[in-house]
Amino acid sequence: MRVLVILAALLLASLSAPAMSQPPIPLPVVAYDKYVLPNGLQVILVEDRRLPIVAVNLWYHVGPANEVPGLTGFAHLFEHMMFAATRHIPRGLADRLLEGAGATDSNGSTDLDRTNYYDTVPANQLELALWVHADRMGYLLDVLDQKALTNQQDVVRNERRESVESEPYGIVEEALSHALFPKGHPYYASVIGSHADIQNARLEDVRQFFASYYGPNNASLVIAGDIDKAKTRALVERYFGSFRRSPPVARPNVATPPITSERRVVVPDRVELPRVFMGWLTPPAYQPGDIELAVAAHILGGGKSSRLYKSLVYERQIAQDVDATQNSYGLTSTFVIDVTARAGHTARELEEAIDAELAQLRDTGPSEREVERARNSIETALLSSIEKLGGDGLADQLNHYNQYTGDPGYLPKDLERLRSVDAAAVRRAVQAWLKQDARAVVTGIPGTPVIDDPRAPKKKAAPKPAAQQHINADEPWRAKPPKAGPAPAFTLPKGESFKLANGLTVIHHHNPALPLVSAQLVVRSGSAANPVRLPGLAGFTAQMLEEGTATRSAPQIADELAQLGAFMDSGTSADASSVSLLALRSTFAQALEIMADVVQRPAFPNAEVERQRADRLGELIQQRDEPDMVAAVAAAGALYGARHAKGYGQLGTEPAIRATTRDDIHAFWRRHYVPSNAALVVTGHITLDELRALAEARFGAWQGQAAPPAAAGDASTTRARLVLVDQPGAGQTALRVTSIGAARDTPDYAALQVMNGALGGMFSSRLNNNLRETKGYTYGVYSAFRLDRTPGPFIIAGNVERAATGASVREIFREVRAMREQPLPPDELAAARDAQLLSLPGQFETSGEVGASLAELFVYGLPLDWYAGLPRRFAQVDAAQVQQAARTWLAPEKMIVVAVGDRKKVMPQLQPLELGAPEVRDDDGQLILKKEGK
Numbered sequence: 029m030r031v032l033v034i035l036a037a038l039l040l041a042s043l044s045a046p047a048m049s050q051p052p053i054p055l056p057v058v059a060y061d062k063y064v065l066p067n068g069l070q071v072i073l074v075e076d077r078r079l080p081i082v083a084v085n086l087w088y089h090v091g092p093a094n095e096v097p098g099l100t101g102f103a104h105l106f107e108h109m110m111f112a113a114t115r116h117i118p119r120g121l122a123d124r125l126l127e128g129a130g131a132t133d134s135n136g137s138t139d140l141d142r143t144n145y146y147d148t149v150p151a152n153q154l155e156l157a158l159w160v161h162a163d164r165m166g167y168l169l170d171v172l173d174q175k176a177l178t179n180q181q182d183v184v185r186n187e188r189r190e191s192v193e194s195e196p197y198g199i200v201e202e203a204l205s206h207a208l209f210p211k212g213h214p215y216y217a218s219v220i221g222s223h224a225d226i227q228n229a230r231l232e233d234v235r236q237f238f239a240s241y242y243g244p245n246n247a248s249l250v251i252a253g254d255i256d257k258a259k260t261r262a263l264v265e266r267y268f269g270s271f272r273r274s275p276p277v278a279r280p281n282v283a284t285p286p287i288t289s290e291r292r293v294v295v296p297d298r299v300e301l302p303r304v305f306m307g308w309l310t311p312p313a314y315q316p317g318d319i320e321l322a323v324a325a326h327i328l329g330g331g332k333s334s335r336l337y338k339s340l341v342y343e344r345q346i347a348q349d350v351d352a353t354q355n356s357y358g359l360t361s362t363f364v365i366d367v368t369a370r371a372g373h374t375a376r377e378l379e380e381a382i383d384a385e386l387a388q389l390r391d392t393g394p395s396e397r398e399v400e401r402a403r404n405s406i407e408t409a410l411l412s413s414i415e416k417l418g419g420d421g422l423a424d425q426l427n428h429y430n431q432y433t434g435d436p437g438y439l440p441k442d443l444e445r446l447r448s449v450d451a452a453a454v455r456r457a458v459q460a461w462l463k464q465d466a467r468a469v470v471t472g473i474p475g476t477p478v479i480d481d482p483r484a485p486k487k488k489a490a491p492k493p494a495a496q497q498h499i500n501a502d503e504p505w506r507a508k509p510p511k512a513g514p515a516p517a518f519t520l521p522k523g524e525s526f527k528l529a530n531g532l533t534v535i536h537h538h539n540p541a542l543p544l545v546s547a548q549l550v551v552r553s554g555s556a557a558n559p560v561r562l563p564g565l566a567g568f569t570a571q572m573l574e575e576g577t578a579t580r581s582a583p584q585i586a587d588e589l590a591q592l593g594a595f596m597d598s599g600t601s602a603d604a605s606s607v608s609l610l611a612l613r614s615t616f617a618q619a620l621e622i623m624a625d626v627v628q629r630p631a632f633p634n635a636e637v638e639r640q641r642a643d644r645l646g647e648l649i650q651q652r653d654e655p656d657m658v659a660a661v662a663a664a665g666a667l668y669g670a671r672h673a674k675g676y677g678q679l680g681t682e683p684a685i686r687a688t689t690r691d692d693i694h695a696f697w698r699r700h701y702v703p704s705n706a707a708l709v710v711t712g713h714i715t716l717d718e719l720r721a722l723a724e725a726r727f728g729a730w731q732g733q734a735a736p737p738a739a740a741g742d743a744s745t746t747r748a749r750l751v752l753v754d755q756p757g758a759g760q761t762a763l764r765v766t767s768i769g770a771a772r773d774t775p776d777y778a779a780l781q782v783m784n785g786a787l788g789g790m791f792s793s794r795l796n797n798n799l800r801e802t803k804g805y806t807y808g809v810y811s812a813f814r815l816d817r818t819p820g821p822f823i824i825a826g827n828v829e830r831a832a833t834g835a836s837v838r839e840i841f842r843e844v845r846a847m848r849e850q851p852l853p854p855d856e857l858a859a860a861r862d863a864q865l866l867s868l869p870g871q872f873e874t875s876g877e878v879g880a881s882l883a884e885l886f887v888y889g890l891p892l893d894w895y896a897g898l899p900r901r902f903a904q905v906d907a908a909q910v911q912q913a914a915r916t917w918l919a920p921e922k923m924i925v926v927a928v929g930d931r932k933k934v935m936p937q938l939q940p941l942e943l944g945a946p947e948v949r950d951d952d953g954q955l956i957l958k959k960e961g962k
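In this note's numbering, the protein residues as written are 29 to 962.
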């Protein structure tokens, strides 16, 4: 057993230290017990009683690294198969039970070296999560059949269409892997594999894969949260202890041939801007050179303080965005730079500029200050990632360390190796690994992509079931799901509030678990406050805040924040604009001073306005490449009309971006960024007294006239029932079925959330079960109400297989009508209601999540104790209220179908639905005046 402890006391530092160069905080450590069952299952337990929740995170040490040629994507396909039926759990039951128990972060994922499955559940439902994971490990093979395989082949192929082929530059990035690795190498293909290999997978292959890799001796289980270790050990023994070991799994031992001369590939894709990818083979994870290259990546492409951003984006303005990453894996790692061209510039220009920066880094190395900035930023990001127990948080990080280093408590060693990196070490690593003749250069250019997407074979009559295989003896007691333990007591965050003399509201929530502080400065004015002639103005204004003040230039702001290891961002929603900040406790005071400066004293220099104008025009071009974003802006225009502020996306339109002046931006800021219209929300490791002093010092002198209330305006919804955006050759259709819904202050709030959960808000919802799990038309479909200050949109959204466009719309309307016509059966009502009620603690895991929730209360004028009453409101929702909410807010005759896809292929499918003549819009969501008949 190894025991380490997070000691918050060790992490305290002064909030008022003025020095920009900070002494390192003491190394944080995590308390854990690690032991191994006789069958080889590694178990890692972490007791953390911050919240009454538990994260269950199970890693199988298998991924594409273990695949054989001809079965690319098999590890990922099998990940999907693990959610099918098992001997004791019929298909779909596990999802329904877990969601009904209040599970959050419930999913699985596949990476090159591992596959993981995870759930975060209320503490009294730990046994349920273990029951599900254990039955998958022990009894999946008992009932595995061709029907489940065929369905998931359809789902995964739709996932590939959505995440690789329809994703801008997805096939370009895939081509980079092909260029870096030879055919036959397990890293050659993307994790998801090819259509042909996915389709060719046989049931016997699936069974053999399970028998080879899914035994307890090839897995590690992390349980982290509000647990009793002795009782948890007993539960692990009960559910996993009787399972047989699988045959020993040999770790992949694959030689990766070096690249000895530059490789070049050009890939046409359905994009408007060229993008250059450069990739190198680099040392495996946690080997010498790995962390040095991670620091080099941050120096080159880690945000606005990086070399590539300053040179290519800020100074020369030839690039739209830049990024650099050291992707650390077991067999070998990759170092990747990707840069997107600004409109009017070429891939060749980008290459020359990147090469110049690389040559300078090789020749002279970075400065020690650059290295310090990179180290500080990486450290803050790492600490922030473990604030969350589940998902990709603490439990997953311990499993990651366990697989790659054998030590789940490697965190302090990881920080030590990061802190030991100096400028000389970075220079040596860059010289050794980032050579020009040892790289692959893949360029994505506008054009027609070449996609191999063969039709799936016609479904044949199901073959006679083969004799089922059994690895573990049946244990009849497993047939019944375990009962929940006593419900844990929990008080949802309330926060404490006070006001400064100038009217600024300050909201505080204390969370000393980690040495981190999160802050948001939020104003009650967002895109709904845009003048009709300038859609996007609120977003333009928020973006400009970081681009210079009376005393700091934009590069100075970026450098100072990075030196502090802090992250700052700004943005808008329909009803709010905000500046967010994340910093270490030891540097929060200095970081907050920068935040206060950008909010209160932005200079809006003309040169910066022009830079950000070009950036927003570039973002608009990139938005056109995203079918789901095109569908979103087209839906907004159709619902609200051109004379309503909500009739546009956050970027606005090209004419509005070009027409916006510095005076427009300054006027919006002066009118809306005033203390009486704002709140400073601070959560994390800071006391109320400390915050009170800082708020007064940083914001006490802020002045400004009260902002006028935003005029809501009247929506001018199109009369058309069908809106079409033509994207010839698209393999999928981005669908939205939408109408104007409710406002944030609706008295139906609780019933609306329960109803929506059953319809499309949960994985086990009616829509997702129908279109994904039963039909295989889509990788996923969901529904949601956006509850704004004035009525926001209700949406049903998903990307569906092109040939299933008409059938998908038909099924969507069938489910909507069924929700209106019949009350939810008792079991479905309980699951949907409990999913909302019991998941509440898991929605307040991090300081950032708490801060966002408290900021929402301010924006919508709700009391700070609003969340305290939410459990009671959810608990009181009954079937009649849910049905009434459906009848009130789901009106099929008012719903508009938005389809972004290949018009020639999808229109014949949509015509029989009798939606009428389509309204045709362009890729910016703007109306094309000519209408087309049936």
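We put the CB at the ideal spot given by N, CA and C, even for glycine.
Note that the structure is a prediction, hence the values are computed from the model and not measured.
Under the three-state DSSP convention, the category residue i falls into
i, result
"Ala113", "coil"
"Glu75", "strand"
"Lys257", "helix"
"Asn245", "helix"
"Pro630", "strand"
"Asn144", "strand"
"Val702", "coil"
"Phe791", "coil"
"Ser413", "helix"
"Thr806", "strand"
"Val18", "What is shown of the chain runs 29 to 962, which leaves residue 18 out entirely."
"Gly269", "coil"
"Ser49", "With a pLDDT of only 46 at Ser49, under the threshold of 50, the placement of this residue in the model should not be trusted, and no figure is reported."
Residue(s) in a DSSP beta bridge with residue i
i, result
"Gln760", "Glu829"
"Glu524", "His536"
"Ala369", "Ala347"
"Trp308", "Phe363, Arg467"
"Asp61", "Leu73"
"Phe822", "Ser767, Phe813"
"Ala278", "Ala278 pairs with nothing; no bridge assigned."
"Ala729", "Bridge partners of Ala729: none, in fact."
"Ile924", "Thr766"
Buried or exposed by the 16-neighbour rule on C-beta atoms within 10 Å, applied to residue i
i, result
"Gly106", "Correcting the residue type first, residue 106 is Phe in the shown sequence and not Gly. Classification of Phe106: buried, given that the 10 Å Cβ count is 16 or more."
"Val192", "buried"
"Pro118", "exposed"
"Gly976", "As shown, the chain starts at 29 and ends at 962. That puts residue 976 outside it, with no answer to give."
"Tyr63", "exposed"
"Pro482", "exposed"
"His498", "exposed"
"Pro869", "buried"
"Phe526", "exposed"
"Gly897", "exposed"
Among the options, the one whose alpha carbon lies nearest that of residue i
i, options, result
"Arg1031", "Val928, Pro899, Glu647", "Outside the displayed range of the chain (29 to 962) lies residue 1031, so it cannot be described from this structure."
"Ile226", "Asp163, Val183, Gly243", "Val183"
"Ile1000", "Pro583, Val367, Thr288, Tyr60", "Not covered by the structure: residue 1000. The range shown for the chain is 29 to 962."
"Glu290", "Asp465, Glu444, Val299, Ala369", "Asp465"
"Leu520", "Pro899, Pro66, Ser137", "Pro899"
"Val551", "Glu400, Ala252, Ala734", "Ala734"
Is it true that the stretch 204-223 meets the stretch 79-99, where meeting means three or more beta-carbon pairs spaced less than 8 Å apart?
-> yes
On the three-pair Cβ rule with 8 Å, is the stretch 678-688 touching the stretch 837-855?
-> no
Check whether the stretch 248-261 touches the stretch 73-92, counting contact only when three or more Cβ pairs, one atom from each stretch, lie closer than 8 Å.
-> yes
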